[in-house]
Each structure stands twice: as structure tokens, then as C-alpha cells.
Amino acid sequence: MIRFIVTDVDGTLVKDGSPEVYPELFDVVKQLKKKGIVFAVASGRQYDSIRRMFEPIANDMIFIAENGSHVVCRGQEMDVTLMDPHMAREVILELRTLGEGYDLVVSTPNGCYIESNNKQFLDLIRYGYRNKMTLVEDVLKESLSINKVAVFHRPSIRDIGEERLIPKWKDKLKVCMAGEDWVDFMDLSVDKGKAIEKIQKFLGILPEETMAFGDNGNDLGMMKMAKESYAVETGREEVKKAAKYICGSYEKKGVYQVMKSLL
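Residue 755 is where the sequence shown starts when you use the numbering used here, and the numbers rise one by one after that.
So, in C-alpha cells, the structure goes:
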């Protein structure tokens, strides 16, 4: 019997950078709650961003934000994992060397800080992701409790991420691709799967009673903590291999279709 459902957002539930979720999902979550099933989203996005997306059911679910470094339920923090300040500084200094077109985001439990003047990027953060955002001249001059550092580049940052950034930092920090455009850095202990494990222990739920959905490398930890694991058909090959099942893409509302079948 399924008692806990958790899904990634970008690339799994909706198109990357989408500001909203289709309303029929909210109805299914409410019906599943009546059956005693807990619903959560696990995203690389910040808490304020995903909470706005799920505003109609925000008090009926759990938010696993920033790849698992910030977990919130009904406005109360369940778990926060901060980066070592010196390690965060080293990463920021290196990311600045990537040059123009590579935009930096420094996340804290209370919002993100950005030093970019790239209007297209700022519009994406403000209106696409709808982040709580503060513009500063130099993030290193701010006194911040940092739980994630991320770098963004379009059309893709995958080559630099997989060939340079991930190999260099993987033994010091948790570093992963979060979609095609983002590379995320967190404390080495951070993982969506570990966040799910903490919630499972808190609620007395087993992996056999857990269902998870994902599409990218930062979702692999979720596949391990859910015996009923799904990769969307458009997901990365390594995620599809790790998942027990394949479901339809966000265009086909695959996550919604599987959840609805539980009713």
C-alpha cells in the first residue's frame, strides 16, 4: 500500500522553469490525502518558488527544496543543511571564472542572492521560477547562511558541468546537474533521497510504501528510497535505468496519470 508520494518538479511534473502546475493535480492530491497518502515535491528550486506553485494545497503537503537541503511542512522547517562558508566561497570564486553568460545564484533558507545584471536571466528567476530574490553587487560581502550555490547557462551547461565542475568538486561537495541549464552545489550530505529517508523515519513510512517520480541526475537518490519508482519517458537514461517503471512525460501529465490510478 502506498502511503507517501514524492515527485520532482522541473522536467518531471512540468516543463523546466514553469511558474504553475495544472490544477487537476491539486484535486488528486486532496483525494489522496483523504486516503491517508502524504504528498511531497522534491526540487532543486527554492522553497518560496515551489510553495507559490502549489499554493492551493500548500498546507496539505511537504516541500523538499534545494535538492533536499531545505525541508518545510506547513511553514515549519523540518530540516536545513548549510554549506561550509569557506567551501561556498571557493565555489563562488571558481564559478565567477566561467565568464559572461554563466549566472550565479546563492541560496539561503530565506531566499536567494544574485549579482547578475543579465535581464533575461533575472526575468527567468523573478517571473519563471518566481523566486524570493535579492540583487547585490557582491554575494561574498553579504553575511549569508548558504544552503546551495548554483550556476546557470543556456542553451546547456552539461559539458562544463560533467567534464569540469562535477569531477573537481564531487569529493568535497554534493554537486549535480539540475536540468540542462543548472549545476547545483550543496553540502556533501545533501541528497533528495536522504531527505525522503528522514521524512520516512519521522512518519513511520517504509520505502515499500513510497512512490517517487524523477527525470534527472539529482533524482537518483529518490529512486533508491522508493520501491515504486518512476522515471518520465523523457528523463535521462541513468534515471530510467534506476527506476522500476517508466511513465509519460510532463506533456502527457504522466505523474498525474499514475497518481490518479491510485484512486
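Beta carbons are placed, not taken as given, at the ideal position from N, Cα and C, and that holds for glycine.
| Check | Outcome |
| --- | --- |
| Rounded separation between Y776 and K886 - CA only | 22 angstroms |
| Nearest-angstrom Cβ-Cβ length linking A985 and K994, presumed shorter than 8 angstroms | 4 angstroms |
| Complete alpha helix (DSSP H) runs within the region 781-824 (minimum length 4 residues, chain order) | 801-807 |
| Beta strand (DSSP E) segments (min. 3 residues) lying fully within the region 925-990 | 928-931, 936-940, 964-968 and 982-986 |
| Beta-carbon contacts of V937 that lie in its chain and below 8 angstroms, excluding the five residues immediately before and after | A904, V905, I911, I914, G915, L919, I920, V929, C930 and M931 |
| Residue range of the alpha helix (DSSP H) that includes E844 | P839 to R850 |
| N-terminal and C-terminal residue of the beta strand (DSSP E) that V834 is part of | Q830 to V834 |
| Candidates V768, H907 and H840, of which the one nearest L852 by Cα | H907 |
| Minimum C-alpha distance to D935 - residue among P909, D877 and D941 | P909 |
| Outcome for F956 when other beta-carbon atoms lying within 10 angstroms are tallied against a minimum of 16 | exposed |
| Cβ distance (whole Å) where K952 is taken to contact G975 below 8 angstroms | The pair is not a contact, with the Cβ atoms about 12 angstroms apart (cut-off 8 angstroms). |
| Spatially closest choice to Y867 from Q874, H840, L858 and K873, by CA coordinates | L858 |
| Environment of E820 [buried if 16+ CB atoms lie within 10 Å] | buried |
| Segment limits, beta strand (DSSP E) that includes L889 | M887 to L889 |
| Contact check, S1003 vs E987, beta carbons under 8 angstroms | yes |
| Candidates N970, Q954, D973 and N972, of which the one nearest T964 by Cα | Q954 |
| The alpha helix (DSSP H) enclosing V1012, as first and last residue numbers | G1008 to S1015 |
| N-terminal and C-terminal residue of the alpha helix (DSSP H) that L919 is part of | Note, L919: premise wrong, no alpha helix (DSSP H); not H, not E. |
| Under 8 angstroms between C-beta atoms of D762 and D969 | yes |
| Meets three-Cβ-pair contact criterion under 8 angstroms: the region 872-892 and the region 821-834 | no |
| Top-ranked residue by Cα proximity to V1012, from F967, K922 and E1005 | F967 |
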